[in-house]
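What follows is a short report on a single structure.
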Amino acid sequence: MSQETSPTTGPPGGTGRSAATPLDEVDRRILDELVRDGRLSIRTLAERVHVSRTNAYARVERLLRDGVVTGFRARVAPEPAGLGTSAYLALTIEQNTWREVSAELARVRYVEHVALLSGEHDVLALVRAPDNATLRDVVLDRVQGIAGVLSTRSWLVFEEFDGTRSPWA
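Per my numbering, the sequence shown starts with residue 66, numbered consecutively.
In structure tokens:
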């Protein structure tokens, strides 16, 4: 199985609409298995979803080509990796500054994930830092210093877990 990432068409996150072929049951089972273990061999994947290796390989390649699967990566536990403080950071930004703000947020060390929202706040970012002092510096110096950011609000993460149900199962 190719470990390369496939270029996606359009902006990350998309518009919620897809021109790709709808996923069938086998595609969903493949996605479920790959989400559980992206290092599966094509042979093992084919056995688990009950298709031929040729079919499994062709489907994975199509899922990559269509941008459904965007790559494979290691999942890292933040605390054992030295990032013991996590917080969600809500930002209110000036109207029409999303592109500039998002480009700057992408360059801020310790910002793991960013989403454009509707509602009370405009942006939600997940920040993982080594400690509270570093988190404070990220929020007060880096994020609040970005042109277009009007205000921030932080929520410390005390505990977290991944859901047990895959949307592909």
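Where is the CB? At the ideal position from N, CA and C, for every residue including glycine.
Suppose you measure from the CA of residue i to the CA of residue j; what does that come to, to the nearest Å?
i, j, result
"GLU126", "ARG201", "43 Å"
"PRO87", "ALA198", "47 Å"
"GLY132", "VAL91", "17 Å"
What do you get for residue i, buried or exposed, if any count of 16 or more other CB atoms within 10 angstroms of its CB means buried?
i, result
"ARG193", "buried"
"ASP227", "exposed"
"VAL166", "buried"
Check the DSSP bridge columns for residue i and list the partner residues they point to.
i, result
"ILE158", "VAL214"
"ARG193", "SER151"
"VAL176", "VAL192"
"TRP220", "TYR153"
Please say whether residue j and residue i have beta carbons closer to each other than 8 Å?
i, j, result
"ALA123", "LEU110", "no"
"ALA180", "LEU189", "yes"
"SER151", "VAL222", "yes"
"TRP233", "ARG104", "no"
"ASP89", "SER231", "no"
"HIS178", "ARG218", "no"
Quick one: is the Cβ of residue i within less than 7 Å of any heavy atom of the ligand SAH?
i, result
"VAL114", "With respect to small molecules bound, the structure shown includes none, and the ligand SAH cannot be examined in it."
Whose C-beta lies closer than 7 Å to the C-beta of residue i among residues of the same chain, with five residues either side of it excluded?
i, result
"ARG172", "none"
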